[in-house]
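Student: Submitted below is the structure of interest, expressed as structure tokens.
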Amino acid sequence: MSFWTRFLNNKEKSIKPWNGLINGYRDLLDIDNKTKVITLCEGNTPLVPAPAIAQACNVAGLSVYLKFEGANPSGSFKDRGMTMAVTKAIAKGLRTMICASTGNTSASAAAYTACARANGFETACCVVLVPDGYIALGKLAQALVYGSQVIQVAGNFDQALQIVRQLSEKHPIALVNSVNPDRIEGQKTAAFEVCDQLGRAPDILTIPVGNAGNISAYWAGFKQYYELGIINAKPKMCGFQAAGAAPIVKGEVVENPETIATAIRIGNPASWQMAAEAVQESYGLVEAVTDEEIIQAYKLIHAGQGICCEPASAASVAGLIKMAQQGRLQRESTVVCVLTGNGLKDPQTALDVSGFSPVKAEASMEAVAKALNLG
Ligand code: F0G
């Protein structure tokens, strides 16, 4: 057999067509075959082995993987829920999407509404409410350039969510926050993928918690795979909130949440109850990590692993390292940390924490060699 025949045969085996998660997991989702799917081919994100993070945990035989959700089309896990929520809203005849957001939901809602316009629903439009001054610049830019109407609210996420809930009750508008069950339905596919990629369920899943929809969605996905007999054990769900925005950990609403991880700057999570059940049923935990711990993990994920995630995402790794330091990880266990969003959305934080300042030089070999102390 020639080299090229072998090459092409292997290529056929390794590259499978992927048409988005609704088409990929249709039999396991609440959707019928007639519904027109609004998709940007989201999902099928990499599960990356993370030896540097395993090493930082210093637990014998520990395997750590990062589920890199920043590889989704709009750069976060929200796309999983949004393909489902916008598909269903359009099928119901709704044309206006609305959400409150710390930045990623709004970017995703804006993207999928644009996708709906491209697929024959020209009148589809999107309104997003964001807390003024508290969303990463890239996320704001996304919502604007995808063509949504952006309203910067003089308040926090929790207040903005209350407003969009009221508006969507009064008007024929689709609320696409994770209080919409279609969002959870789409997001549970991340748990399916983790199991498909690992060939089993992990022992532990660590995940940042904000409005608490995603931890609930993963748990729904793991339970479904377990009930179908695809996996024979379920992971412990370990959720991490930022210390300044940790209502579930404290057991009370936080009126003025504060954290560097603006994506999870939430004081009254809508899916609080569902998240609490996921943690309890899975023998997991919800704990807090400080901004300092988040930043340490953020640096390790970037410089130590070569993966670009946003600060909120690093809470999952910060939480894992904390569990290791407290002696709460068993030897030989397999952990998946969910990296929820792409670091490119928040270049300001990257610049602030990198600790390096670029060196300027004349455009000559000598000048650059001198800047590098090459003599
Ligand atoms: N990580 C990132 C990057 C997020 O954007 C969010 C939530 C979370 C984690 C937490 O997920 O809310 O399901 O518990 N972002 C929402 C938004 C609130 O508006 O983009 P959760």
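With this note's numbering applied, the sequence shown corresponds to residues -1 to 373, in that order.
Backbone N, C-alpha and C define an ideal beta-carbon position, used for all residues, glycine too.
(1) Which of helix, strand or coil does DSSP assign to ASN340?
(2) Does DSSP classify ALA274 as helix, strand or coil?
(3) From ALA109, ILE161 and ALA310, pick the residue whose C-alpha is nearest to that of SER241; which is it?
(4) Could you tell me the alpha carbon to alpha carbon distance between VAL125 and SER61, rounded to whole angstroms?
(5) One question on the structure: do TYR224 and PHE190 come within less than 8 Å of each other, judged by their Cβ atoms?
(6) Helix, strand or coil for LEU372? Go by DSSP, reduced to three states.
(7) I need the DSSP call for THR121, collapsed to helix, strand or coil.
(8) Counting beta carbon pairs with one atom in the region 183 to 198 and one in the region 315 to 326, are three or more of them shorter than 8 Å?
(9) Could you tell me if the beta carbon of GLY341 falls within a distance shorter than 7 Å of some heavy atom in the ligand F0G?
(10) Is any non-hydrogen atom of the ligand F0G found closer than 7 Å to the C-beta of ASN209, if you look at the structure I gave you?
(11) On a CA-only basis, which of GLN140, PHE155 and ASN21 is nearest LEU82? Give me that one, please.
(12) Any heavy atom of the ligand F0G closer than 7 Å to the beta-carbon of PRO206?
(13) Take GLY59 and list the residues in its own chain whose beta-carbon comes closer than 8 Å to its own, dropping the five residues that flank it on each side.
(14) Please report the distance separating the alpha-carbon of GLU167 from that of GLY153.
(15) Could you check whether GLY184 and LEU390 sit closer than 8 Å to each other, using their CB atoms as the reference points?
(16) For ALA114, does the count of other Cβ atoms within 10 angstroms reach 16, so buried, or fall short, so exposed?
(17) Applying the criterion that 16 or more other CB atoms from any shown protein chain within 10 Å of the CB defines a buried residue, is SER362 buried or exposed?
(18) Measure the alpha-carbon distance for GLN140 versus ASN70 and round it to whole angstroms.
(19) Hey, would you say VAL277 sits closer than 8 Å to VAL284, going by beta carbons?
(20) Hey, is GLY317 close to the ligand F0G, as in C-beta under 7 Å from one of its heavy atoms?
(21) Go ahead and pull the three-state DSSP assignment for GLN346.
(22) Mind checking who GLU285 pairs with in its DSSP beta bridge?
(23) What span of residues does the alpha helix (DSSP H) with TYR246 cover, start to end?
Tutor: In this structure, then:
(1) Looking at ASN340 - three-state DSSP - the assignment turns out to be strand.
(2) DSSP, reduced to helix, strand and coil, places ALA274 within a helical segment of the structure shown.
(3) It should be noted that the sequence gives Ala, not Ser, for residue 241. Nearest C-alpha to ALA241: ALA310.
(4) Cα to Cα, the separation comes out at about 42 Å.
(5) With contacts defined by Cβ atoms closer than 8 Å, TYR224 and PHE190 do not form a contacting pair.
(6) Looking at LEU372 - three-state DSSP - the assignment turns out to be coil, as it is neither helix nor strand.
(7) If DSSP states are grouped into helix, strand and coil, THR121 belongs with coil.
(8) No, because fewer than three Cβ pairs between the region 315 to 326 and the region 183 to 198 fall closer than 8 Å, the two stretches do not touch.
(9) No, the ligand F0G has no heavy atom inside 7 Å of this Cβ.
(10) Annotation for ASN209 indicates a beta carbon within 7 Å of some heavy atom of the ligand F0G.
(11) Correcting the residue identity first, residue 82 is Met in this sequence and not Leu. Ranking GLN140, PHE155 and ASN21 by Cα distance to MET82 puts ASN21 first.
(12) Distance from the C-beta of PRO206 to the nearest heavy atom of the ligand F0G is below 7 Å.
(13) Here the set comprises ARG329, GLU330 and SER331.
(14) The C-alpha of GLY153 is placed about 21 Å away from the C-alpha of GLU167.
(15) There is simply no residue 390 to check, as the chain begins at -1 and stops at 373 in what is shown.
(16) Taking a 10 Å sphere around the C-beta of ALA114, we find 16 or more other C-beta atoms and assign the residue as buried.
(17) SER362 should be labelled exposed.
(18) Separation of GLN140 and ASN70 (C-alpha to C-alpha, rounded to the nearest whole angstrom) is 14 Å.
(19) Yes, they are a contact pair.
(20) Not under cutoff, so the answer is no.
(21) Correct three-state label for GLN346: helix.
(22) In DSSP, GLU285 forms a bridge with PHE238.
(23) Contrary to the premise, residue 246 reads as Ile rather than Tyr in this sequence. Per DSSP, the continuous alpha helix (DSSP H) segment holding ILE246 begins and ends at 245 to 248.
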